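Protein chains in written order, with the working numbering: chain C, 1 to 113; chain V, 114 to 224.
Every residue, glycine too, gets a C-beta built ideally from N, C-alpha and C.
A quick note: this is a predicted structure, and the numbers were derived from the prediction, not measured.
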Amino acid sequence: NAGVTQTPKFRVLKTGQSMTLLCAQDMNHEYMYWYRQDPGMGLRLIHYSVGEGTTAKGEVPDGYNVSRLKKQNFLLGLESAAPSQTSVYFCASRPGQSNYGYTFGSGTRLTVV
Amino acid sequence: EDKVVQSPLSLVVHEGDTVTLNCSYEVTNFRSLLWYKQEKKAPTFLFMLTSSGIEKKSGRLSSILDKKELFSILNITATQTGDSAVYLCAVHNTNAGKSTFGDGTTLTVKP
Numbered sequence: 001n002a003g004v005t006q007t008p009k010f011r012v013l014k015t016g017q018s019m020t021l022l023c024a025q026d027m028n029h030e031y032m033y034w035y036r037q038d039p040g041m042g043l044r045l046i047h048y049s050v051g052e053g054t055t056a057k058g059e060v061p062d063g064y065n066v067s068r069l070k071k072q073n074f075l076l077g078l079e080s081a082a083p084s085q086t087s088v089y090f091c092a093s094r095p096g097q098s099n100y101g102y103t104f105g106s107g108t109r110l111t112v113v
Numbered sequence: 114e115d116k117v118v119q120s121p122l123s124l125v126v127h128e129g130d131t132v133t134l135n136c137s138y139e140v141t142n143f144r145s146l147l148w149y150k151q152e153k154k155a156p157t158f159l160f161m162l163t164s165s166g167i168e169k170k171s172g173r174l175s176s177i178l179d180k181k182e183l184f185s186i187l188n189i190t191a192t193q194t195g196d197s198a199v200y201l202c203a204v205h206n207t208n209a210g211k212s213t214f215g216d217g218t219t220l221t222v223k224p
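Below, the structure written as structure tokens:
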């Protein structure tokens, strides 16, 4: 049972480059989330999805876009990377019912130089 | 805007000590409060609390919620070096379908 899988695990980008982070879950979860975590801080929500074909903005959505074309996949895009987007990115998912915590992926460490 | 504040931000103790971590919150449409443990990588789920006054317990860890005063505590008794981690508190907003996290408490347990 793979759970939540994030790819890639590490990436270095130059300012202005674009990239897509992929999150895949095999638990048939309805809800999926992208968070970023900076040193000494908790998790801040970027975007999330409550079902296939739907997305919504979180606390820090600027500079990011997302898509949820298939229930099992949630993609996070950076169109023009900036050094301020250097962070660790976590994807998470949970079932549609509320009485469950998140299952997290192992994270993607992104450095923008 | 939903808000979660954890205290202390960091804590250093010796093995065998008992620690109490605090989490206060403000959230519209409260559904649940969750505790996670984060070691080097992804957070792992510890507890979910939905009702006041009911203690959740798992081994040396326990947690309780006070919905009137809007806070929760996480207790760890007889700490071990393996308890060293960042402990994250989150509150789940049922209408929005998302959780807001605090900044975490970094616990260091020395031998």
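Output the distance between the C-alpha atoms of residue i and residue j, rounded to the nearest integer angstrom.
| i | j | result |
| --- | --- | --- |
| ASP38 of chain C | VAL222 of chain V | 23 Å |
| LEU220 of chain V | ASP62 of chain C | 32 Å |
| GLN151 of chain V | THR218 of chain V | 10 Å |
| VAL66 of chain C | ALA191 of chain V | 44 Å |
| THR54 of chain C | LYS70 of chain C | 10 Å |
| GLY58 of chain C | TYR33 of chain C | 9 Å |
| THR15 of chain C | VAL112 of chain C | 6 Å |
| ILE46 of chain C | THR207 of chain V | 18 Å |
| GLN6 of chain C | TYR89 of chain C | 9 Å |
| VAL126 of chain V | THR20 of chain C | 41 Å |
Which term fits residue i, buried or exposed, when burial requires 16 or more other beta carbons within 10 angstroms of its beta carbon?
| i | result |
| --- | --- |
| GLN193 of chain V | exposed |
| ALA155 of chain V | buried |
Heavy atom of the ligand SAH less than 6 Å from the Cβ of residue i, yes or no?
| i | result |
| --- | --- |
| LEU159 of chain V | The ligand SAH is absent from the structure shown, which contains no ligand whatsoever. |
Three-state secondary structure (DSSP) at residue i?
| i | result |
| --- | --- |
| GLN119 of chain V | strand |
| THR194 of chain V | helix |
| SER145 of chain V | strand |
| PRO156 of chain V | strand |
| GLN85 of chain C | helix |
| MET32 of chain C | strand |
| GLN17 of chain C | coil |
Please tell me whether residue i and residue j are closer than 7 Å, where the distance is taken between their beta carbons.
| i | j | result |
| --- | --- | --- |
| VAL199 of chain V | VAL117 of chain V | no |
| LEU146 of chain V | LEU178 of chain V | yes |
| CYS91 of chain C | GLY77 of chain C | no |
| GLY40 of chain C | GLY215 of chain V | no |
| ALA2 of chain C | ASN73 of chain C | no |
| TYR138 of chain V | LEU183 of chain V | yes |
| PRO224 of chain V | GLU114 of chain V | no |
Are three or more beta carbon pairs between the region 5–21 of chain C and the region 174–193 of chain V nearer than 8 Å?
no
Three or more beta-carbon pairs under 8 Å between the region 151–170 of chain V and the region 92–107 of chain C, yes or no?
yes
Evaluate contact between the region 27–34 of chain C and the region 82–95 of chain C, counting only Cβ atoms and requiring at least three cross-stretch pairs below 8 Å.
yes
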